[in-house]
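*Asks:*
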Amino acid sequence: MDLTNEQINRYSRQIVLKEVGGIGQKKLLDSKISLIGLGALGSPTAYYLAAAGIGTLQIIDFDTVEISNLHRQILHFTKDIDSRKTKSAANKLNSLNPDCTIEIFNEKITPKNSKDLLRGSDFVIEGSDNLPTKMLINDTCISLKIPFTIAGVLRFHGQIMTVVPEDKTSCYRCVFGDVTEVDSNMSCSQAGVIGFVPGILGCLEANEALKHILGVGDLLTNKIMYVDLLRNSFDFIEVHRDNNCMACGDHAKDLVESSNYEGLDGCNE
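406 is the number of the first residue of the sequence shown in this note's numbering; add one for each residue after it.
1. Consult DSSP for residue 494 and reduce its assignment to one of helix, strand or coil.
2. At what residue ranges does the segment 523 to 564 contain a whole run of the beta strand (DSSP E), taking only runs of 3 or more?
3. State buried or exposed for residue 583, treating a residue as buried only when at least 16 other CB atoms are found within 10 Å of its CB.
4. In or out: residue 483 buried (at least 16 other Cβ within 10 Å) or exposed?
5. Could you spell out the range, first to last residue, of the beta strand (DSSP E) harbouring residue 439?
6. What are the boundary residues of the alpha helix (DSSP H) that includes residue 478?
7. From residue 467 to residue 513, what distance separates their C-alpha atoms?
8. Do the CB positions of residue 441 and residue 532 come within less than 8 Å of each other?
9. Given this structure, state the Cα-to-Cα distance separating residue 407 from residue 426, to the nearest angstrom.
10. Would you be able to state if there are at least three C-beta pairs under 8 Å between the segment 409 to 426 and the segment 563 to 580?
11. Using the rule of at least 16 other Cβ atoms within 10 Å of the residue's Cβ for burial, across every protein chain shown, is residue 589 buried or exposed?
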């Protein structure tokens, strides 16, 4: 199907890029991305994916908007307090771009439903604020062989990595092993976070998804990008695939149904 005149005008500033073009734009319009979390990371991610013309954006979140979210979760407005985050997000995204079909799931993602929710996605973006959820998404996507990106933020800092299972890149468990619990003082509610940090990291997550779908540029695989906005630094830490990793190693097994994701709550940054 050819692009309509309206679509050519809407996406003209990215179609003109040799990395995108008309063929690339049609790839975006034919793609499906799943986004877990509509908080501080998910907000900018969802905005820019919808604006770029992703054909189907599946948004997964069970939470409601609170006033303490609003300094960083830019999808949600004061009038949205006490509303479902999925409903609040869908209203904005549908208004932004009717080309983007928004699929809503008001559910907590768990080992029982993660495969059903994510199966069929071209790319998955993880935007939760807790390690058990990140581990679950890591394990599920590796099991389904779906490429994905994971980011986390705290204070003025953030980190992001991308995993492509079919390329046997290092995964989140190669970095953190079997750890699913962290000090409660290391949560955003306790330690704090400046809103710009998840804004930048969320945009980087969206960029990883677009690069993968278009088949251009370098992905953040086999490395972690560490962002420090106090020092204005972007550093890269090389991460080698662990041959003994339970999720992606030489003798890996499907961890989704056998692991204990203690502390799983699906909250958002």
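The beta carbon of each residue, even a glycine, is placed where N, CA and C say it ideally should be.
Values in this document were obtained by computation on a predicted structure and should not be read as measured data.
*Replies:* Taking the coordinates as given:
1. Walking along the sequence shown from the start, residue 494 turns up at place 89. Three-state DSSP puts residue 494 in a helix.
2. 528 to 531 and 553 to 559
3. Working through the sequence shown from its first residue, we reach residue 583 at position 178. Result: exposed.
4. Within the sequence shown, residue 483 is the residue found at index 78, counting from 1. When all chains shown are included, residue 483 counts as exposed.
5. Here residue 439 refers to the residue found at position 34 of the sequence shown. First-last of the beta strand (DSSP E) with residue 439: 437 to 441.
6. Taking the sequence shown and counting its residues from 1, one reaches residue 478 at position 73. Where residue 478 is concerned, there is no enclosing alpha helix (DSSP H), given that its DSSP letter is neither H nor E.
7. As a first step, residue 467 is located in the sequence shown; it is residue number 62 there, counting from the start. As a first step, residue 513 is located in the sequence shown; it is residue number 108 there, counting from the start. Answer to the nearest angstrom: the Cα atoms are 5 Å apart.
8. Reading the sequence shown from its first residue, position 36 is the one you call residue 441. Reading the sequence shown from its first residue, position 127 is the one you call residue 532. It is a contact, given that the beta carbons lie within the stated cut-off.
9. Here residue 407 refers to the residue found at position 2 of the sequence shown. Here residue 426 refers to the residue found at position 21 of the sequence shown. About 12 Å.
10. no
11. For the purposes of this step, residue 589 is taken as residue 184 along the sequence shown, with counting starting at 1. Its pLDDT being 47, under 50, residue 589 is placed unreliably in this model, and the coordinates cannot settle the point.
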